[in-house]
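Notes to accompany the following structure.
Numbering (the numbering used here), first residue to last: 639 to 689.
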């Protein structure tokens with residue numbers, strides 16, 4: 639994430655872009671899975687679980 643910050647890209651935007659891409663990727667691999675996003679102490683955690 640540090641690299642993006644030096645490039646002048648908003649980290650929140652990057653997180654959202656990554657999440658959107660990851661969600662699409664997970665759905666493409668297996669529609670029975672879904673991406674779960676949890677936030678802990680300002681840190682985003684991603685996990686995949688079966689629906």
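No residue lacks a Cβ here, since even glycine has one placed at the ideal position from N, Cα and C.
This structure is a prediction, so every number in the text was calculated from the model and none was measured.
Cβ-based neighbour list, residue 670, same chain, cut-off 6 Å, excluding 5 preceding and 5 following: 688, 689
Residues of its chain near residue 661, where Cβ-Cβ distance is below 6 Å and the 5 sequence neighbours each way are ignored: 673
Three-state secondary structure (DSSP) of residue 688: strand
Where residue 647 sits in the DSSP three-state scheme: coil
Bridge partner(s) assigned by DSSP for residue 664: BP columns for residue 664 are empty, so no partner.
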